[in-house]
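J.: Take a look at the following structure, please.
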Amino acid sequence: ATAGKVINCKAAIAWGPKQPLTIEDIEVAPPKAHEVRVKIVATGICRSDDHVLSGAISDMKFPAILGHEGAGIVESVGEGVKNLKPGDKVIPLFVPQCGECRCCTNSRSNLCDKHDIGPYIGLLLDRTSRFTCKGKPVYNFLSTSTFTEYTVLDEICVAKIDDNAPLEKVCLIGCGFSTGYGSAVNTAKVEPGSSCAVFGLGGVGLSVLIGCKVAGAAKIIGVDTNPDKFAKAKELGATDCINPNDYKEPIHEVLAKMSDGGLDYTFECIGNTKVMESALLATHFGCGTSVIVGLAPASARVSVDPMEMLTGRTLKGALFGGWKSRDDVPKLVADFMAKKFNLDGLITHRSTLDKINEGFDLLRKGDSIRTILQI
Ligand code: COD
Ligand code: ZN
2 ATAGKVINCK AAIAWGPKQP LTIEDIEVAP PKAHEVRVKI VATGICRSDD HVLSGAISDM
62 KFPAILGHEG AGIVESVGEG VKNLKPGDKV IPLFVPQCGE CRCCTNSRSN LCDKHDIGPY
122 IGLLLDRTSR FTCKGKPVYN FLSTSTFTEY TVLDEICVAK IDDNAPLEKV CLIGCGFSTG
182 YGSAVNTAKV EPGSSCAVFG LGGVGLSVLI GCKVAGAAKI IGVDTNPDKF AKAKELGATD
242 CINPNDYKEP IHEVLAKMSD GGLDYTFECI GNTKVMESAL LATHFGCGTS VIVGLAPASA
302 RVSVDPMEML TGRTLKGALF GGWKSRDDVP KLVADFMAKK FNLDGLITHR STLDKINEGF
362 DLLRKGDSIR TILQI
């Protein structure tokens, strides 16, 4: 009944950095060719949404609808959309998969030339927006915009998932869970019996830990300056947890002693370049791999003695856990349905769109892992 018509609904609008979001009446235009209009059912609040509000992302355009970790149901599709239909359950993708560009056609990459991960454009692929509020256009965020009852997505930014998937859980597969889990199983390719250390035990670090465990790692050491994070990390599979502040010697030396001279795999899930350096040094000199997962400030630099690499270490990184989004998100949902991993440990709070600012406060205070908003 709504297909082809403008939908009037509620959305949380970001007006600028350091300002609370406000719930507004917005208009969502119908999808154009190769676009899909989706009713959002649930969305997580991720650190990157807060980066926009803190002002850390300087080229962001306002007003905007943030949110990129959602799940919903297709309301209508534009001309030429073949693989999606009204009623399909979907996850919006902040890394598109056009299937045609250099990255998409290379099995070693999961990025896509059509991405809007920065410098930010804040519009759909045709360089317009389907949102208006008070007569003015509203920008998109990360090709997704999930803090709204309805959003419009380019079809290359949509994954169709299992009809029975619980949207209020699998929304985490849209960002945080997949980023961490894939860093372990795809980017590092953690092997059975190996030793791992995860620096930073927030939602992303805990998801890395789940990946290490699923991959069969024998030793998984959690590293965090906040010991309150240790109980949950142990629940999810950490065999040991250590606080760098409890030791006089550098933490990489402590970790080397705990792992026969160095770890097979380490993961930086904080975004701190000093920690990236110690995570690299904590790996074994001849066969260790360190993965950068955290996003560091734009001007920050990692310092590496080339000898650290020459002896055989590997330093790598990936966005969205290396997953090719449209191909792999449905498989991740299938793995979740088959109980290969559990998402409950990551969900600490549930709330509603009108309480979104409280959700951000919980994240800023470090009190939540993930807050999921029911839309
Ligand atoms: N040593 C050890 N632990 C530390 C230190 C330190 N020096 N500093 C902070 N920590 C701990 C904190 O106590 C906290 O427990 C943890 O590190 C960080 O957790 P959170 O909850 O702040 O963060 P997450 O897990 O939600 O996400 C952090 C990332 C930095 C991984 C995330 O923001 C990010 O940058 N993601 C990667 C970029 C990306 O993929 N972006 C695309 C869209 S999101
Ligand atoms: Zn995110």
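First residue of the sequence shown? That's 2 in the UniProt record's numbering, and the numbers climb one at a time after it. We put the beta carbon where it would ideally sit given N, CA and C, even for glycine. Bear in mind the structure is a predicted one, so any value in this text is a computation, not a measurement.
How many Å lie between G194 and H253 at the Cα?
T.: 21 Å
J.: Residues bridged to T353 by DSSP?
T.: Q375
J.: Is F148 close to the ligand COD? I mean its beta-carbon at under 7 Å from any heavy atom of the ligand.
T.: no
J.: Within the segment 110-162, note down every full beta strand (DSSP E) run reaching 3 residues or more, in order along the chain.
T.: 132-134, 137-139, 151-155, 159-161
J.: If contacts are defined as beta-carbon pairs under 8 Å, then V199 and V224 qualify, I think. What distance do you get, rounded to the angstrom?
T.: 7 Å
J.: Could you please give the first and the last residue of the uninterrupted alpha helix (DSSP H) stretch that includes P307?
T.: Residue range 307-311 is occupied by the alpha helix (DSSP H) that includes P307.
J.: What did DSSP end up calling C102 once you bin it into helix, strand or coil?
T.: The answer is coil: DSSP assigns C102 none of H, G, I, E or B.
J.: Taking 7 Å as the cut-off, is the C-beta of H116 nearer than that to any heavy atom in the ligand ZN?
T.: no
J.: Which value, in whole angstroms, describes the spacing of the CA atoms of K55 and I14?
T.: Correcting the residue type first, residue 55 is Ser in the shown sequence and not Lys. Whole-angstrom Cα-Cα distance: 15 Å.
J.: Does DSSP put A216 in a helix, a strand or coil?
T.: coil
J.: Who are F268's beta bridge partners in DSSP?
T.: V199, V292
J.: Would you call the segment 316-326 and the segment 337-347 touching, i.e. three or more CB-CB distances under 8 Å?
T.: no
J.: Under 8 Å Cβ to Cβ from A65, same chain only, skipping five residues before and after it: list those, please.
T.: Taken in chain order, the residues that qualify are I14, A15, V53, G123, V139, Y140, N141, F142, S146.
J.: So for S108, helix, strand or coil by DSSP?
T.: coil
J.: R48 to L364, Cα distance in whole Å?
T.: The C-alpha of R48 lies about 8 Å from the C-alpha of L364.
J.: At a cut-off of 7 Å, is G177 close to the ligand ZN when judged by its beta-carbon and the heavy atoms of the ligand?
T.: Remark: the C-beta of G177 is in contact range of the ligand ZN, defined as less than 7 Å to any heavy atom.
J.: Using the Cα positions of V171 and I370, report the straight-line distance between them to the nearest angstrom.
T.: 15 Å
J.: Beta strand (DSSP E) containing R302: first to last residue?
T.: Run containing R302: none; DSSP gives neither H nor E here.
J.: Please report how far the alpha carbon of G289 lies from the alpha carbon of N165, in whole angstroms.
T.: Spanning the two alpha carbons is a distance of roughly 40 Å.
J.: Measure from the alpha carbon of T188 to the alpha carbon of each residue in V294, G177, C242, then state which is nearest.
T.: V294
J.: Using a Cβ-based criterion (distance less than 7 Å to any ligand heavy atom), does S260 qualify as near the ligand ZN?
T.: no
J.: Quick one: Cα of K230 to Cα of S130, how far?
T.: 40 Å
J.: Check whether the Cβ atoms of residue 378 and T267 lie closer than 8 Å to each other.
T.: This structure cannot speak to residue 378, because the chain is shown only from 2 to 376.
J.: Just tell me which of I157, A30, T315, S184 has its CA closest to the CA of R327.
T.: I157
J.: Should L202 and G45 be called a contact, given that it needs their Cβ atoms to be closer than 8 Å?
T.: no
J.: Which residue or residues does DSSP assign as beta-bridge partners of R38?
T.: S77, V153
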